[in-house]
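Residue numbers (my numbering): 3 to 364.
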């Protein structure tokens, strides 16, 4: 389910949890805007998660009120790509605690660094609007009174109200966008690492689709090496018309292939190509690790397929892609639109990448 505004998110939650108070609405708004970045003590977070999950698992399964969330979706959308991971869903077990704990800690780091337009004040107005329209169990006057008290107490994160806790027994962890997008991939990696496998994972996708962000998030969960395909641009002297006409021809797949050949054996190193100088830069050295992530456009090139155990493709809407590039690389926007994105699209189409990917990260 996709929500485009906080008002949409709010209406969904008010309909699902009609006894929400202004306090619960502000909690939802705060989580939607800032995620879980205000939680920093990973050790304490792990202990609390373990205790909470044990409490859920030890509840009488016949008590349907306390176990009502067992039939819900695992992730409950709270806006801006974030979600509440519902601990009471049946797929969550005691064995899930280590992974969820690491995901939560990595989400806090991602959320702390995740910068978007701050719409907290607009969200407060959305809560007032919902009250005016009769969509909430409280009045506009009650909402304003709570806002005044909230501001007086310094604002910030708040707990659920007693009314909400008694009615709905909330048990969840707020997860960042990468956790939500890549959850099935995360589970697969975790299971195969636990079985003792050594893995090489490729994450491909268009420019600005979140490949590097997802890879960084995975590195917050798993001990791994990350190889950036941007380190393997084709040297200028090899950029012939014939080469650039090939799908993925502007990536030095031959050099990356040699690096991967060494990487699967243990320690490895390479010197990234520096586009600003046209020469190789300082050598990067990597220790042997059970997991290697190769991220970047062209990482799933068929020439490299033999090295990969898992492949994933990040999707992005074309207009959203342009918006992100304009914000992130305004000086290079025209080159992205007129040169690099068309080359990527040819590569995606001619190598049938969507059908070859094991996971689609939407």
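Even glycine gets a Cβ: it sits at the ideal position worked out from N, Cα and C.
- Message: Can you check which of these residues, 345, 346, 307, 331, is closest to residue 358 by C-alpha distance?
- Response: Counted from its first residue, the chain shown places residue 358 at position 356. Cα-wise, what sits closest to residue 358 is 307.
- contact_flag[the region 293 to 310, the region 194 to 212] where n(CB pairs < 8 Å) is 3 or more: yes
- DSSP three-state call for residue 316: helix, strand or coil? Mapped onto the chain shown, residue 316 falls at position 314. Correct three-state label for residue 316: strand.
- Message: With H, G and I counted as helix, E and B as strand and the rest as coil, what does DSSP make of residue 359?
- Response: On the chain shown, residue 359 is found 357 positions in, with the first residue counted as 1. Correct three-state label for residue 359: coil.
- Query: Hey, out of 144, 154, 145, 208, whose CA is closest to residue 326's CA?
  - Reply: Translated into positions along the chain shown, residue 326 becomes position 324. When each option's Cα is compared against that of residue 326, the closest is 208.
- From 328, 341, 279, 250, pick the residue whose C-alpha is nearest to that of residue 351; which is it? The count along the chain shown starts at 1 and reaches residue 351 at position 349. Comparing Cα positions, the closest option is 250.
- Message: Could you tell me the alpha carbon to alpha carbon distance between residue 362 and residue 313, rounded to whole angstroms?
- Response: For the purposes of this step, residue 362 is identified with residue 360 of the chain shown, where counting begins at 1. For the purposes of this step, residue 313 is identified with residue 311 of the chain shown, where counting begins at 1. So the two alpha carbons sit approximately 9 Å from each other.
- Query: Do the region 228 to 241 and the region 330 to 350 touch if we need at least three Cβ pairs shorter than 8 Å?
  - Reply: no
- Message: According to DSSP, simplified to helix, strand and coil, what is residue 25?
- Response: The residue given as residue 25 occupies position 23 in the chain shown. Residue 25: helix per DSSP, three-state reduction.
- Nearest neighbour of residue 311, chosen from 191, 178, 79 [CA to CA]: For the purposes of this step, residue 311 is taken as the residue at position 309 of the chain shown. When only C-alpha atoms are compared, the closest one is 191.
- Task: Could you tell me which residues DSSP pairs with residue 202 in its beta bridges?
- Result: Sequence index remark: in the chain shown, residue 202 carries index 200 (1-based). DSSP output for residue 202 lists 294 as bridge partner(s).
- Item | residue 161, buried or exposed, once every other Cβ within 10 Å from all chains shown has been counted against 16 | Taking the first residue of the chain shown as position 1, residue 161 is located at position 159. Label assigned to residue 161: exposed.
- Between the Cα of residue 217 and the Cα atoms of 181, 237, 196, which residue gives the shortest distance? As a first step, residue 217 is located in the chain shown; it is residue number 215 there, counting from the start. Of the listed residues, the one whose Cα sits closest to residue 217 is 181.
- Can you give, in chain order, each stretch of the alpha helix (DSSP H) that sits fully within the region 163 to 227 and has at least 4 residues? 164 to 170, 179 to 183, 185 to 196, 213 to 223
- Item | Residue burial classification, residue 32 (beta-carbon count within 10 angstroms, cutoff 16) | Against the chain shown, residue 32 aligns to sequence position 30. Buried, by the Cβ-count rule.
- Beta carbon of residue 90 nearer than 8 Å to that of residue 219: Walking along the chain shown from the start, residue 90 turns up at place 88. Walking along the chain shown from the start, residue 219 turns up at place 217. No, the pair does not count as a contact, with Cβ atoms beyond the cut-off.
- Item | Segments assigned beta strand (DSSP E), at least 3 residues, entirely inside the region 225 to 266 | 226 to 230
- Message: Check whether the region 271 to 287 and the region 171 to 186 touch, using three or more Cβ-Cβ pairs below 8 Å as the test.
- Response: no
- Message: For residue 23 and residue 356, what's the separation of their Cα atoms in angstroms?
- Response: What you label residue 23 is simply residue 21 of the chain shown in a count that begins at 1. What you label residue 356 is simply residue 354 of the chain shown in a count that begins at 1. If I take the Cα positions, the gap works out to 44 Å.
- Message: For the alpha helix (DSSP H) containing residue 103, name the first residue and the last one.
- Response: Working through the chain shown from its first residue, we reach residue 103 at position 101. Taken as a continuous stretch (DSSP letters only), the alpha helix (DSSP H) holding residue 103 covers 99 to 115.
- According to DSSP, is residue 345 helix, strand or coil? In the chain shown, the residue the question calls residue 345 occupies position 343. Here residue 345 sits in helix by DSSP.
- Whole-number beta carbon distance between residue 131 and residue 9, since they are thought to touch under 8 Å: Within the chain shown, numbered from 1, the residue matching residue 9 stands at position 7. Within the chain shown, numbered from 1, the residue matching residue 131 stands at position 129. About 7 Å separates the two Cβ atoms, so the contact holds.
- Take the Cβ of residue 302 as the centre, count every other Cβ of all protein chains shown within 10 Å, and call the residue buried at 16 or more, exposed below. Locating residue 302 in the chain shown gives position 300, counting from the first residue. Buried.
- Task: Please classify residue 60: is it buried, with 16 or more other beta-carbons within 10 angstroms of its beta-carbon, or exposed?
- Result: Taking the chain shown and counting its residues from 1, the one referred to as residue 60 is at position 58. So residue 60 counts as exposed.
- Task: Taking only beta-carbon positions, decide if residue 184 is within less than 8 Å of chain B.
- Result: The displayed structure is made up of one protein chain only, and chain B is not part of it.
- Task: Compare the C-alpha of residue 345 against each of 167, 47, 261, 300 and name the closest.
- Result: Walking along the chain shown from the start, residue 345 turns up at place 343. Taking only the C-alpha atoms, the option nearest residue 345 is 300.
- Query: Nearest CA to the CA of residue 166: which residue from 157, 340, 30?
  - Reply: As a working note, residue 166 is residue 164 in the chain shown. It is 30.
- Item | Cutoff 6 Å; reference residue 17; Cβ partners in own chain excluding five residues on either side | Taking the chain shown and counting its residues from 1, the one referred to as residue 17 is at position 15. Taken in chain order, the list of residues that qualify is empty.
- Report, in whole angstroms, the separation of the C-beta atoms of residue 121 and residue 35, which I expect to be a contact under 8 Å. Within the chain shown, the letter at position 119 stands for residue 121. Within the chain shown, the letter at position 33 stands for residue 35. Residue 121 to residue 35, Cβ: 7 Å. Contact.
- Query: Are the beta-carbon atoms belonging to residue 102 and residue 87 less than 8 Å from one another?
  - Reply: As a working mapping, residue 102 is identified with position 100 in the chain shown. As a working mapping, residue 87 is identified with position 85 in the chain shown. In contact: residue 102 and residue 87 (Cβ atoms closer than 8 Å).
- Message: So, with DSSP's three-state summary, where would you put residue 158?
- Response: One-based indexing of the chain shown puts residue 158 at position 156. Reduced to three states, the DSSP call for residue 158 is coil.
- Cβ shell of residue 129 (< 6 Å), same chain only, five flanking positions each side left out: Position 127 of the chain shown, counted from the first residue, corresponds to residue 129. Excluding sequence neighbours, residue 129 sits near 27, 145.
- Please report the residue range of the alpha helix (DSSP H) in which residue 122 lies. By 1-based counting over the chain shown, the position of residue 122 is 120. Its alpha helix (DSSP H) spans residues 122 to 134.
- As assigned by DSSP and simplified to three states, the class of residue 6: Against the chain shown, residue 6 aligns to sequence position 4. Of the three classes helix, strand and coil, the one that applies to residue 6 here is coil, per DSSP.
- For the putative contact between residue 13 and residue 126, defined by C-beta atoms under 8 Å, what is the C-beta separation to the nearest angstrom? Residue numbering aside, residue 13 sits at position 11 when the chain shown is read from its first letter. Residue numbering aside, residue 126 sits at position 124 when the chain shown is read from its first letter. At roughly 15 Å, the Cβ-Cβ gap does not stay under 8 Å, so residue 13 and residue 126 are not in contact.
- Task: On a CA-only basis, which of 156, 290, 271, 342 is nearest residue 253? Give me that one, please.
- Result: Translated into positions along the chain shown, residue 253 becomes position 251. Nearest C-alpha to residue 253: 342.
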